[in-house]
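Inspection log for the structure reproduced underneath, given as structure tokens.
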């Protein structure tokens, strides 16, 4: 993580490695969902027995992906906002 100090205000800028790591996790989650669908297609002999559990697992994996997307948008938005604030000399007090 990069730490900038501008006009005595501390501004945090997200490291690109953080963003790349979040994207990699999203891709892994997507891959897991695909693998589950391949393991238990509707023609699988035990599909009816595992349908509810596999469906729940797929739902939570999908939700995790949505939450990570939200984190990415926040992180990217905050870092862009922080960088532009630093350039303009404006600071925000929280």
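Residue numbers (the numbering used here): 3 to 96.
No residue lacks a Cβ here, since even glycine has one placed at the ideal position from N, Cα and C.
Query raised in the report: Around the Cβ of residue 53, are there at least 16 other Cβ atoms within 10 angstroms (buried) or fewer (exposed)?
Result: Indexing the chain shown from 1 puts residue 53 at position 51. That one is exposed.
Query - residue 44 - DSSP class collapsed to helix/strand/coil - result: Taking the first residue of the chain shown as position 1, residue 44 is located at position 42. Of the three classes helix, strand and coil, the one that applies to residue 44 here is coil, per DSSP.
Query raised in the report: Nearest to residue 61 by CA position, among 77, 31, 48, is which residue?
Result: On the chain shown, position 59 is the one that residue 61 refers to. Nearest option by C-alpha distance: 31.
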